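There are 2 protein chains.
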Amino acid sequence: MRTPLDKTFYPGSIAVIGASSKAGTLSYELVNNLVKYGFKGCIYPVNPKAASIHSMKAYPNVKNINEDIDLAVIMVPKELVLDTIDDCYRKKISSVVVITAGFKETGKDGISLEKELANRIKKYKMRLIGPNCMGLINTNPTVKLNCTFVQGTPVSGGIGFVSQSGALGAAVLKTVQQNDIGLAQFVSIGNKADVSGNTVLEYWWHNDDIKVITLYLESFGNPRHFMELTREITKTKPVIVIKSARTKAGMKAASSHTGALASSDAVVDAFLEQSGVIRVNTTDEMFDIARAFDMANLPKGNRVGILTNAGGPAILAVDECANWGLTIPELNKRTQVALKKIAPPEASVFNPVDVLPPADAVTYAKASKLMLEDENIDSLIVVVGPPLMLDTLGIASAICEAVKGTKKTVMLVMMSQDDVIPKLKEVNPVHPPIYRFPENAARAISRMVTYKKWKERPEGLYIEFDADKKTINKILSKYKGKSGIYLNSEDVSAVLNAYGMPIISSVFAKNTFELIQISDKIKYPVVLKAVGKKLIHKSDMGGVEVDIHNSDELLRSADRIIEKLKSYRAEHLLEKFMIQPYVSGGVETILGITKDEKAGSMIMFGLGGIFVEVFKDVNFKLVPVNDVEANTMIHSIKSFEMLSGVRGKKAVDLKYLQESLLRLSQLSKDFPEFTEIDLNPFVFFDEKEKCTILDARIKYS
Amino acid sequence: MRTPLDKTFYPGSIAVIGASSKAGTLSYELVNNLVKYGFKGCIYPVNPKAASIHSMKAYPNVKNINEDIDLAVIMVPKELVLDTIDDCYRKKISSVVVITAGFKETGKDGISLEKELANRIKKYKMRLIGPNCMGLINTNPTVKLNCTFVQGTPVSGGIGFVSQSGALGAAVLKTVQQNDIGLAQFVSIGNKADVSGNTVLEYWWHNDDIKVITLYLESFGNPRHFMELTREITKTKPVIVIKSARTKAGMKAASSHTGALASSDAVVDAFLEQSGVIRVNTTDEMFDIARAFDMANLPKGNRVGILTNAGGPAILAVDECANWGLTIPELNKRTQVALKKIAPPEASVFNPVDVLPPADAVTYAKASKLMLEDENIDSLIVVVGPPLMLDTLGIASAICEAVKGTKKTVMLVMMSQDDVIPKLKEVNPVHPPIYRFPENAARAISRMVTYKKWKERPEGLYIEFDADKKTINKILSKYKGKSGIYLNSEDVSAVLNAYGMPIISSVFAKNTFELIQISDKIKYPVVLKAVGKKLIHKSDMGGVEVDIHNSDELLRSADRIIEKLKSYRAEHLLEKFMIQPYVSGGVETILGITKDEKAGSMIMFGLGGIFVEVFKDVNFKLVPVNDVEANTMIHSIKSFEMLSGVRGKKAVDLKYLQESLLRLSQLSKDFPEFTEIDLNPFVFFDEKEKCTILDARIKYS
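Chains as they are written, first to last, in the working numbering: chain B, 97 to 797; chain Z, 97 to 797.
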C-alpha cells in the first residue's frame, strides 16, 4: 500500500528544496506565499549557497535538517531532481511536490527522465505531485498551506479544485479570490507522473473539508477508473468537470502539449453522464455552480421564487430558469396578501415579486422571509438591482440575516456591486452565494436540481441473463490468433442466439441452382441478400431485394442482384445468397458495440436510417450498463417519440428494447474480444415476439 | 418632421428640472455626475425651493432662465410632469428626458398619464426620452455628457448602447467601466412614450461617433420596422442585440412588467437573422463582441493564429475556434523557421505557437510580428498566461507596439490580470481588445467573421413572377366580410395556380354513384380522399387511400373510407370524394404562411412528416423574402441533406424549391388577407416537372 495524501495536503513541516533568496524567482515567491499565508507548521529552506532565506535558517541539503519533514517541495534544476528524490528517501520523506519543469512535456529526453522519476517514486513508496506543476493549497485553519507561487491570498471554503493546466489553475486562483469563491484545497497535478486526478478524487472522497470537487482536465489517464470512482463519489459529493480538447483541433493541440491520447468527445460525454459528473465549458460556469453547492442548501425541487427591485433582471432570471426546466409558480394567496402589506401598492406579488427600486432593507428582509415560508417554492433568488443611492450593503446584510437558518436554497444577486461583496463578507461571514447577474444564479439552481435527481435516482441493477458461453467459446477457438476480422453469418447468428438475441432466420443457397431447389420450400414473402466476406456495403450495390412473393420473383431478384453486382464489378465477391423472411413495419433501431482505445467497450443506441445518418441521434455508454442506464439511453435520444408512438402509432415494446440493450451489454462484457458489434437494423414492434434483428456484423480482434 | 436627436445627445445647455440640493437623492446624483464628468456646456438646475445647487445658481422655473436650453432633464414628481412639459414648450425646448417613474408601468392611471404625455410631446413637436428611464451618456470629448445617476465614470469608445431596462443598463455601465469597454453613447429608453429603440437606431446609423450598436430589449414595438432598419444599418455598422423574454415564462414576466405584447422567440430569431443582427444571450457576451468590433480590424477570413506561453489556455482557444467554424492552420515554413530562432528549443511553432512560460516582452513582440506577417492567418490571439513573477505589463505593452498598424485582427488575452489593464491603457491608449479568457476572444472573432460574410453577401433580389391577380380578387370578393374561414378546394387550387404553384389535379365525385361513372375515365394509379369543410384531419381518420390501381380497387377504397369515417362518427362530414394521381417517391416538404400579431406575415419552410413533428426542423422569415433569403431558408434546415441527396439519392431541384418559396412569398405579400397558407406536403423531385403540391389549405381573415 502506498501512503495516502495526508502528508501532502496536511503537512506539519515542509522542506523547500531549491529555495532562493532572490526576490522575483519562483522559489522565492513560493516560500513568501507559505510565510505570508501563515503556514501552521515549520518551513525549512534548502539551498547549498545561502545561509538564510526569508529570515529562516537555510540548510545545504535536506539531510542536514534534524527534524522530521512531512513534505518536500522540489524546485531544483531538472538535472538534480533525481538526486534530490534520493536525498528525500534517505531522510524518510514520503511526500514530495516537484515544481521543476522540463520532463515529459519537452520531448524524448524529458520522457525518459520522467520515467526514471516515476520508477524511483514507486520503488521508494513515496507520493509525488508533478513534475511541471504549480503546487498546492490547503485553506484549513489548522494547516494554512499556500504552497504555490501564484499572487494573492486564497479565500477559504469547501471547494476542492484539481487543475491539469498550471496556467489555467493560476488564472482560476485569482478569479476565485476576486469573486468570493471559497477553496478548501487546490492542486496542480502537472505531468501526473504519480498522483493523477483519480488519486486526488479518491483522497477527497472521504475528506470532510471538501464539500464539492472541481476538475480542469485536458485528458483522462484512465477514464474507466474515473467513471467508476466518480459514480461512487457523486452519491455524496458533487463533481464538476471542465474537459477541454473537445474538438479535433483542440485534441491535436492538447496532444502536442501533453503527449496524451485523447478520447472522442462523445465518449467523454457518455462516461461523464454515466457517472453523474456535471460537465461545464468554462471556469466561470464551473465556479458559479461550485459555490452554489458550497454555500447553499440543495433544493428540494425545481420551483423557484424570484424577489427583485427591477423588472429587467427578473425577466432574465425567469428566462434562464425556464430554459433549464425550472418553474416559477405563483405564490400562494396567503403569501401574496402578506407581501401586499409590506410592499408599495404598485409592487407585483405573484412571482417574480417586484418590490420596486426604492425598496429598503426592511422590505427586502420581510419579503425574503415570506417567500421562503411559501410551500410553493423550493429556491429563492433575491436580486438587488445596481445601486443608485441605496444602501445596498445594508439591504444585502438584512437579506443574509433574514434567510439564515432556512432549509431552502437561497441565491443573492448583487448586480454590479463587486465593491459591496468584501464588505458584506465582514458583516455576514455566512451568506448565500452571491452572483453578478441573475442568469448565473438560475443556472446554478438548475444544476443543483439535476444533481439532486441523480443522487435520488434508483441505483440500477446489472442483470445477468442466461447465456450459452460454451457455444461462443467454441466459435472463438476458430478465430484465435486472428485479428480485425468479421465473423461469418452462421457464427454471427450463433453468437447472438447464445445471448438470446433474435436474429432473423436465414436459408442459404450457393448459386442459382440451389436457389431453385429451395424456392418452393420456403414461406413467402422473403428478402434475398447477396453474401460475401468482402461485400460489406451490399445494399448500396443493389445486393438486397425485398418483399419477394413467390419463387418466380425470387429467381428474377437473384438475376437482378447479379446484374447489379456486375455493374459494380463486384460479382466475384458474391459467395452465396441468403433468404430471410420479409419484415415490414416496426421501428428500425441500431444497437452496437464499439471500442474506445482508452475507455474500452462502449454500447451504442439510436434509430436507424436518416436518424443516425442525418441527425446523428445516437447515444453511448460504457459497458456494462445497468437497467436504469439502458432505460436512460432509450429515453434520451431526440427521436424517442418514434419509439413511444407518433400520430396514433403504437409504442414499441420498450421493456424489451431495454432488455436487448442489457443482453448486448452482457455479451460485450463477457466477450470483450468482440470489438465491434453492429445490430443494424434491429426492428422493434409493439409485441416482443415480432422484434427481430435483420442484419448483424461482429468483428473479432 | 420631428426634430432629430442632436439636441438630446449633443446639447450645449441642460436644464435639470427637479434638481435637488440633498446629497443621496437621484436628482442630486445626476447633477453631480454631469459636473463630475465635466459637461462642456452649461447646467441650469431648476428648483423652486433652492437658491443654489451644487454651487450653481438654481432657478425657480425653467422659464426664469434667460439663456437658450437644448435639453431639459425632468425629475419632478409625476403629478408635475405635464405642467413641466408645458413650461419647456413655452421656453422653446425641443428635447426632454423624463426620468420620473409612475407611468405605464404602474397600471391604469399611469397608462392614461403616459398617453397624455405622449400626446403633448407630439403636439409640441418635441422629442422625449422616457419616462421611467435612467438618462443618457455621450462620451464625445466636445460634449462629455453623463446625464445619469449611475455611479462611476464612463470610459470612452465607439459603442452605442440602448437599454430598455434601467437596472440592466446601470449594471452594464458599471461592468463596462471595469472591463475597459469604451462607450460612445448610452441611452435608457424607459417606457418609450416617444423615442424607441428604432428611433435611436435611425439616429446612430449615420452618427460617426458610433462604430457598433448594442441593444438590450424586452419587447419590439415595431419588429418589421426594426428589421428593415437594421438590414440597412448592418451594411455599415454591426448591431448586437439581447432580446430577453425568450421563454413563455419570461414573456409572462415581461408583459406584466412592461405591458407589451411579445412575439414568439422563433419569430424574433427569424427577423433578427434576416436583418444581419448578431443575437447574444448575456451582456458579457454582448460587450465581448462589441469591443472587438470597436477596437480590432474586421478579419479577412476565418484562419486564426494563436500565440501563447501556456498550453492549457491555447487548447481552450482552439476548441472554441473550432466550435465556431474557425480554422487553426499550420503556419508557413518560413514563419516556423523564423520563430524557431527567437523561441526556446522546446517551443512549439506550428500553431498554436507556445513560447513557454519564461517568454519575455521581446519574444512576444517578435513572435506577434512574425505571425501577423504569415499569409496563412487572418487573425491573431495573443495569450499571456497568469503572471508569475513576469513583468506582464511590459509584455502586454510590447505586444501592443508590435501589432500597431496591422490590418489583421488582433486580440489580447491577459489571463487574470485585471490589475494590469488600467496601467496598460495609460502606456498604450490604443491597444487591441483585451480579454480575461481565450475563449471569449475566439468567440468574438467568430462573430466578426460571420458579420463580414453578412456584409459581403449578395444583396438579394425580390423577384416578381407573373401572377393572375384578377382571379384571386374575384375569389376574394366571395369571402369579403367573413373572417377566419378556410377556402374550399376549388378556390385553393385556383389561388395557387394563379401564382404558378403546381397543385395536383383533382377530380371530384359527390357519391359512390358518381365515382363509378368516372372510375373508368381516369388514369391510374390514383389517391382517393374524403373531402368536407370540417374534415380537417382526414388522414388521421382513415379518409385517404393511396396507390389505387383500377376501378375495382377505387370502389373498395371508397367503401373503406366510409367505414372508417363511421367508426369516428364522422361520416356526415363527408361532402364528396376527391381523386388525384398517385405520387410516390420524392421528398415531402412543407411551405407555409403564418401571421405574427406584431411582425406580420411569416413564410415557413421545412421537411414534412417526422422532420417537422419530431424534430421541429423548420425555418421562418418575414415576408417578402428575396432569392438569397429563400436560398438560406432551404440550406439552413438541419435535414438539408435529405434535399441534397442521402445515400446516393439524387438531389431535388433546389432552384425550383427556391422559386416556389419566392412565389409563395409574393402571393402572401400581394394578398395578406390569406393569413394562413399551408402547402403540406409539397413534394419535390429531381425534375421540376414532377414536383407537386399534394394538399393545401388557405385561410382567409
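Don't be surprised by glycine CBs; every beta carbon is placed ideally from N, CA and C.
Quick caveat: nothing in here was measured; it's all calculated off a predicted structure.
Since Ala267(B) meets chain C, which of its residues come closer than 7 Å, beta carbon to beta carbon? Considering every chain present, this structure includes no chain C. Its protein chains are B and Z.
Going by DSSP, which residues form a beta bridge with Lys672(B)? Reading the first sequence from its first residue, position 576 is the one you call residue 672(B). Residue pairing for Lys672(B): DSSP places it in a beta bridge opposite Val627(B).
Considering only the beta carbon of each residue, do Ala457(Z) and Ala494(Z) sit closer than 8 Å? Residue 457(Z) sits at position 361 when you count from the first residue of the second sequence. Residue 494(Z) sits at position 398 when you count from the first residue of the second sequence. Against a cut-off of 8 Å, the Cβ pair of Ala494(Z) and Ala457(Z) comes out as a contact.
Against chain Z, which members of the segment 408 to 419 of chain B pass a CB distance test of less than 8 Å? So the list reads Gly408, Pro409, Ala410, Ile411, Leu412, Val414, Asp415, Cys417, Ala418, Asn419, given in the order they occur along the chain.
Along the chain, where does the beta strand (DSSP E) containing Ala280(Z) start, and where does it finish? By 1-based counting over the second sequence, the position of residue 280(Z) is 184. Start and end: 279 to 284.
Count the other C-beta atoms from every protein chain shown that fall within 10 angstroms of the C-beta of Ala626(Z), then say buried if there are 16 or more, exposed otherwise. One-based indexing of the second sequence puts residue 626(Z) at position 530. Its Cβ being crowded by 16 or more others within 10 Å, Ala626(Z) is buried.
Using 8 Å as the cut-off, can you tell me whether the segment 763 to 779 of chain Z makes contact with the segment 724 to 744 of chain Z, which would need three or more C-beta pairs spanning the two stretches below that distance? No, the segment 763 to 779 of chain Z does not touch the segment 724 to 744 of chain Z.
On the premise that Ile170(B) lies in contact with Val194(B), defined as a C-beta separation below 8 Å, what is that separation, rounded to the nearest angstrom? Taking the first residue of the first sequence as position 1, residue 194(B) is located at position 98. Taking the first residue of the first sequence as position 1, residue 170(B) is located at position 74. The Cβ separation is near 5 Å, so the contact holds.
Among the residues of its own chain, which have a CB less than 8 Å from the CB of Ser761(B), if the five just before and after it don't count? For this step, residue 761(B) is matched to residue 665 along the first sequence. Counting only Cβ-Cβ distances below 8 Å, and skipping sequence neighbours, we find Ile699, Val719, Pro720, Val721, Ala726.
Asn393(B) to Tyr133(B), Cα distance in whole Å? As a working mapping, residue 393(B) is identified with position 297 in the first sequence. As a working mapping, residue 133(B) is identified with position 37 in the first sequence. Going from the Cα of Asn393(B) to the Cα of Tyr133(B) covers about 30 Å.
Would you kindly check if the distance between the Cβ of Ile113(Z) and the Cβ of Val172(Z) is under 8 Å? Indexing the second sequence from 1 puts residue 172(Z) at position 76. Indexing the second sequence from 1 puts residue 113(Z) at position 17. The Cβ atoms of Val172(Z) and Ile113(Z) sit closer than 8 Å to each other.
By how many angstroms is the C-alpha of Asn593(B) removed from the C-alpha of Ala747(B)? Counted from its first residue, the first sequence places residue 747(B) at position 651. Counted from its first residue, the first sequence places residue 593(B) at position 497. Taking the straight line from one Cα to the other gives about 25 Å.
Closest to Asp276(B) by C-alpha separation, out of Thr295(B), Val142(B), Phe199(B), Gly253(B), would be which residue? As a first step, residue 276(B) is located in the first sequence; it is residue number 180 there, counting from the start. Considering only alpha carbons, the answer is Gly253(B).
Taking DSSP as the reference, what is the three-state secondary structure of Glu664(Z)? Position 568 of the second sequence, counting from 1, holds the residue named residue 664(Z). The residue you asked about is not Glu; residue 664(Z) is Tyr in the sequence shown. In the three-state scheme derived from DSSP, where H, G and I count as helix and E and B as strand, Tyr664(Z) is classed as coil.
In chain order, which continuous runs of the beta strand (DSSP E) of length 3 or greater are located wholly inside the segment 188 to 267 of chain Z? Secondary structure within the segment 188 to 267 of chain Z: the beta strand (DSSP E) runs of 3 or more consecutive residues, fully enclosed, are 191 to 194, 223 to 225, 231 to 234, 241 to 244, 252 to 259 (chain order).
Hey, which unbroken runs of the beta strand (DSSP E) at 3 residues or more fall wholly within the segment 682 to 727 of chain B? Within the segment 682 to 727 of chain B, the complete beta strand (DSSP E) runs of at least 3 residues are 683 to 692, 696 to 703, 714 to 718.
Do the segment 445 to 454 of chain Z and the segment 406 to 421 of chain Z meet, that is, are 3 or more Cβ pairs less than 8 Å apart? Two segments are said to touch when three or more pairs of C-beta atoms, one from each, lie closer than 8 Å; by this definition the segment 445 to 454 of chain Z touches the segment 406 to 421 of chain Z.
If you measure from the beta carbon of Phe711(B) to each beta carbon in chain Z, is any gap under 8 Å? The residue you call residue 711(B) lines up with position 615 of the first sequence. It does; some Cβ of chain Z falls within 8 Å.
Proximity below 8 Å, CB of Gly248(Z) to CB of Gln273(Z): Position 152 of the second sequence, counting from 1, holds the residue named residue 248(Z). Position 177 of the second sequence, counting from 1, holds the residue named residue 273(Z). Their beta carbons are under 8 Å apart, which means Gly248(Z) touches Gln273(Z) by this criterion.
Thinking Leu122(Z) and Phe245(Z) are a contact (beta carbons under 8 Å), I'd like their distance in whole angstroms, please. Counted from its first residue, the second sequence places residue 122(Z) at position 26. Counted from its first residue, the second sequence places residue 245(Z) at position 149. Going by Cβ atoms, the distance from Leu122(Z) to Phe245(Z) rounds to 5 Å, so yes, they are a contact pair.
Span of the beta strand (DSSP E), counted from its first residue to its last, around Val516(B): Here residue 516(B) refers to the residue found at position 420 when the first sequence is read from its first residue. No beta strand (DSSP E) contains Val516(B), which is instead part of the alpha helix (DSSP H) from 516 to 523.
When the cut-off is 8 Å and only beta carbons count, does Ser602(Z) lie next to chain B? Taking the second sequence and counting its residues from 1, the one referred to as residue 602(Z) is at position 506. In terms of beta-carbon proximity, Ser602(Z) stays away from the interface with chain B, with every pair separated by 8 Å or more.
Pro529(B) versus chain Z: which residues are under 7 Å apart at the beta carbon? By 1-based counting over the first sequence, the position of residue 529(B) is 433. Chain Z residues near Pro529(B): none, gap ~18 Å exceeds 7 Å.
Suppose contacts are defined by Cβ-Cβ distances below 8 Å. Is Phe673(Z) in contact with Phe561(Z) by that definition? Taking the first residue of the second sequence as 1, we reach residue 673(Z) at position 577. Taking the first residue of the second sequence as 1, we reach residue 561(Z) at position 465. Cβ atoms of Phe673(Z) and Phe561(Z): not closer than 8 Å.
Since Thr295(Z) is in the beta strand (DSSP E), which residue starts that stretch and which ends it? Your numbering for residue 295(Z) matches position 199 in the second sequence. For Thr295(Z), no beta strand (DSSP E) encloses it; the enclosing alpha helix (DSSP H) starts and ends at 293 to 301.
Does any residue of chain B have a CB that is nearer than 8 Å to the CB of Gly346(Z)? Numbered from its first residue, the second sequence carries residue 346(Z) at position 250. Chain B contact via Cβ: present.
Classify Leu583(Z) as helix, strand or coil using the three-state DSSP reduction. Working through the second sequence from its first residue, we reach residue 583(Z) at position 487. Looking at Leu583(Z) - three-state DSSP - the assignment turns out to be coil, as it is neither helix nor strand.
Just to confirm the assignment, what range does the beta strand (DSSP E) spanning Glu772(B) have? Walking along the first sequence from the start, residue 772(B) turns up at place 676. Per DSSP, Glu772(B) belongs to the beta strand (DSSP E) from 770 to 780.
Assumed close pair Arg186(B), Lys221(B) - CB separation to whole angstroms, cut-off 8 Å: Against the first sequence, residue 186(B) aligns to sequence position 90. Against the first sequence, residue 221(B) aligns to sequence position 125. No, Arg186(B) and Lys221(B) are not in contact; Cβ-Cβ is about 14 Å, not under 8 Å.
For Glu659(B), does the count of other Cβ atoms within 10 angstroms reach 16, so buried, or fall short, so exposed? Locating residue 659(B) in the first sequence gives position 563, where the first residue counts as 1. The Cβ neighbour count for Glu659(B), taken over all protein chains shown within 10 Å, is under 16; the residue is labelled exposed.
For Ser109(Z), which beta-bridge partners are listed by DSSP? On the second sequence, residue 109(Z) is found 13 positions in, with the first residue counted as 1. Its beta-bridge partners are Cys138(Z).
Between Pro621(B), Tyr124(B), Asp164(B), which lies nearest to Cys138(B) when the distance is taken from Cα to Cα? The count along the first sequence starts at 1 and reaches residue 138(B) at position 42. Comparing Cα-Cα distances from Cys138(B) to each of Pro621(B), Tyr124(B), Asp164(B), the minimum goes to Asp164(B).
Cβ of Thr271(B) versus every heavy atom of the ligand NAD: is any distance shorter than 7 Å? Only the bare structure without any ligand can be found here, which leaves the ligand NAD out of the picture.
If Gly704(Z) sits next to Asn715(Z), beta carbons under 8 Å apart, how far is it from one beta carbon to the other, in whole angstroms? One-based indexing of the second sequence puts residue 704(Z) at position 608. One-based indexing of the second sequence puts residue 715(Z) at position 619. The pair is not a contact, with the Cβ atoms about 14 Å apart (cut-off 8 Å).
Distance between Leu489(Z) and Val516(Z) (C-alpha atoms, nearest Å): Numbered from its first residue, the second sequence carries residue 516(Z) at position 420. Numbered from its first residue, the second sequence carries residue 489(Z) at position 393. Spanning the alpha carbons of Val516(Z) and Leu489(Z) requires a straight line of approximately 6 Å.
Please list, in chain order, the chain B residues whose beta carbon lies closer than 9 Å to that of Thr608(Z). Sequence index remark: in the second sequence, residue 608(Z) carries index 512 (1-based). One finds nothing in chain B with a Cβ atom closer than 9 Å to the Cβ of Thr608(Z); even the nearest lies about 27 Å away.
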